[in-house]
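Which chain is which? The protein sequence lines are A and B, in order.
For the first sequence, counting from 1, position 56 maps to 127 in the numbering used here; every step adds exactly one.
For the second sequence, counting from 1, position 110 maps to 181 in the numbering used here; every step adds exactly one.
Yeah, the Cβ is synthetic: ideal placement off N, Cα and C, and Gly gets one too.
Please read all numbers here as calculations on a predicted model, not as lab measurements.
There are 2 protein chains.
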Amino acid sequence: MTTISKDAYLITFINVFAVDPANQSRLVDLLTKVTDQFVRYARGFVSSSLHRSLDGTKVTMYAQWHSMADYEAMRQDPRPLPYFRRALAMARFEPGSYEVVEEFAAAPSP
Amino acid sequence: MTTISKDAYLITFINVFAVDPANQSRLVDLLTKVTDQFVRYARGFVSSSLHRSLDGTKVTMYAQWHSMADYEAMRQDPRPLPYFRRALAMARFEPGSYEVVEEFAAAPSP
């Protein structure tokens, strides 16, 4: 389970993969496999959540890491690399690295 | 605080605003104001978290709602509309609606 908090001092990656709807579930399977087998063992990995767009055209990974250096070290690891290459062959990758600046909860009913 | 869980049966919006870095903090302020004053009071709103990209070029809202109908009803409300118009005047809006399909936690240390 992922918890989003601006007080956590993590780095957040929101990586959007634009994909042909025919390939969406293959891409979900691929990103599931690489995360489960490699990424979650990497130093500095905190959590990630994989999202399937309802229109079939996107898959978005919301991931939290302790630092950019930890994330970059994982991206240099040769073991997950073939998975990333296959993902990039079937999708247009729009990466983003973020900090959480605000959080909003539902207002109590009046 | 936002909790991401595939068992929550919510609809997730991951809305990316591509922005000139000179306008990033104005856009954060605007989206903070509209969420704080209007959106969080809307029926079906669960939570949202606002993210500032480290390179200055994006602002991304991660928002959870009970249903698409609730979200669309809020978008029809005339009160927040001027804020959304101002946001769209300074940013390129890439909306996405999703379901959470997988969650990953860090593997325990060996």
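Just the Cα atoms here: how many angstroms apart are B:V105 and A:I82? Along the second sequence, one-based indexing puts residue 105 of chain B at 34. Along the first sequence, one-based indexing puts residue 82 of chain A at 11. Near 25 Å, if we compare the C-alpha coordinates of A:I82 and B:V105.
Could you have a look at A:R163 and say whether DSSP puts it in helix, strand or coil?
The count along the first sequence starts at 1 and reaches residue 163 of chain A at position 92. Strand at A:R163.
| request: Quick one: using the 10 Å Cβ neighbour count with 16 as the cut-off for buried, is A:S119 buried or exposed? | output: For this step, residue 119 of chain A is matched to residue 48 along the first sequence. Its Cβ being crowded by 16 or more others within 10 Å, A:S119 is buried.
Checklist entry - Which residue's Cα is closest to the Cα of B:R163: B:A89, B:Y80 and B:D78? => result Numbered from 1 along the second sequence, position 92 holds the residue referred to as residue 163 of chain B. The candidate whose alpha carbon is nearest that of B:R163 is B:A89.
Looking at the ligand MG, does it come within less than 7 Å of A:R114, judged from the CB to the closest heavy atom? Absence of the ligand MG is noted for the structure shown, with no ligands found whatsoever.
I need the DSSP call for A:T131, collapsed to helix, strand or coil. As a first step, residue 131 of chain A must be located in the first sequence, where it is residue number 60. Of the three classes helix, strand and coil, the one that applies to A:T131 here is strand, per DSSP.
Report the residue from A:D126, A:M145, A:H122 and A:K77 whose alpha carbon sits nearest the alpha carbon of A:A93.
In the first sequence, counting from the first residue as 1, residue 93 of chain A sits at position 22. Closest by alpha carbon: A:D126.
Note to self: Three or more C-beta pairs under 8 Å: does that hold for the region 153-171 of chain A against the region 140-149 of chain B?
What the structure shows: no
Query raised in the report: Would B:Y133 count as contacting chain A if we go by Cβ distances under 8 Å?
Result: If you number the second sequence from 1, residue 133 of chain B lands on position 62. With respect to chain A, the C-beta atom of B:Y133 has a partner C-beta closer than 8 Å.
- The beta strand (DSSP E) spanning B:R123 covers which residue range? Residue numbering aside, residue 123 of chain B sits at position 52 when the second sequence is read from its first letter. Segment F116 to S124, the beta strand (DSSP E) holding B:R123.
**Study point:** Range of the contiguous alpha helix (DSSP H) that encloses A:Y142
**Key:** Along the first sequence, one-based indexing puts residue 142 of chain A at 71. It spans M139 to Q147 - the alpha helix (DSSP H) in which A:Y142 sits, taken as one unbroken run.
- Closer than 8 Å, CB to CB, is B:G127 near chain A or not? Taking the second sequence and counting its residues from 1, one reaches residue 127 of chain B at position 56. Judged by the 8 Å Cβ criterion, B:G127 is not in contact with chain A.
Original post:
If you measure from the beta carbon of B:V90 to each beta carbon in chain A, is any gap under 8 Å?
Top reply: Your numbering for residue 90 of chain B matches position 19 in the second sequence. By this cut-off, B:V90 is not an interface position.
Quiz item: Of the residues A:A160, A:Y133, A:D148 and A:V171, which one's Cα is nearest the Cα of A:F84?
Solution: Sequence index remark: in the first sequence, residue 84 of chain A carries index 13 (1-based). Comparing Cα positions, the closest option is A:Y133.
Original post:
Can you tell me the Cα-Cα spacing of A:Y80 and A:W136, whole angstroms?
Top reply: Taking the first residue of the first sequence as 1, we reach residue 80 of chain A at position 9. Taking the first residue of the first sequence as 1, we reach residue 136 of chain A at position 65. In a straight line, the C-alpha of A:Y80 is about 9 Å away from that of A:W136.
Expressed to the nearest angstrom, what Euclidean distance is found between the alpha-carbon atoms of B:G115 and A:F116?
The sequence position of residue 115 of chain B within the second sequence is 44, counting from 1. The sequence position of residue 116 of chain A within the first sequence is 45, counting from 1. So the two alpha carbons sit approximately 32 Å from each other.
| message | Along the chain, where does the alpha helix (DSSP H) containing A:S96 start, and where does it finish? | response | On the first sequence, residue 96 of chain A is found 25 positions in, with the first residue counted as 1. Q95 to Q108 is the extent of the alpha helix (DSSP H) around A:S96.
Taking 8 Å as the threshold (C-beta atoms), are A:V130 and A:Q108 in contact? One-based indexing of the first sequence puts residue 108 of chain A at position 37. One-based indexing of the first sequence puts residue 130 of chain A at position 59. Not closer than 8 Å, so no.
- Short check: CB of A:L121 to CB of B:E173, under 8 Å? Taking the first residue of the first sequence as 1, we reach residue 121 of chain A at position 50. Taking the first residue of the second sequence as 1, we reach residue 173 of chain B at position 102. Their beta carbons are under 8 Å apart, which means A:L121 touches B:E173 by this criterion.
Continuous beta strand (DSSP E) stretch holding B:A176: start and end
The residue you call residue 176 of chain B lines up with position 105 of the second sequence. Residues S168 to A176.
Review point. Roughly how many angstroms separate the alpha carbons of A:L159 and B:D91, rounded to a whole number?
Key: As a position in the first sequence, residue 159 of chain A is number 88, starting the count at 1. As a position in the second sequence, residue 91 of chain B is number 20, starting the count at 1. Their Cα atoms are separated by approximately 27 Å.
Starting from the Cα of B:S241, find the closest Cα among B:N86, B:T128 and B:R123 and give me that residue.
No answer is possible for residue 241 of chain B: it lies beyond the span of chain B, which begins at 72 and ends at 181.
- Please work out which residues of its chain come closer than 7 Å, Cβ to Cβ, to B:T128, disregarding the five sequence neighbours upstream and downstream, and give them in chain order. Within the second sequence, numbered from 1, the residue matching residue 128 of chain B stands at position 57. The residues are A89, V90 and P92.
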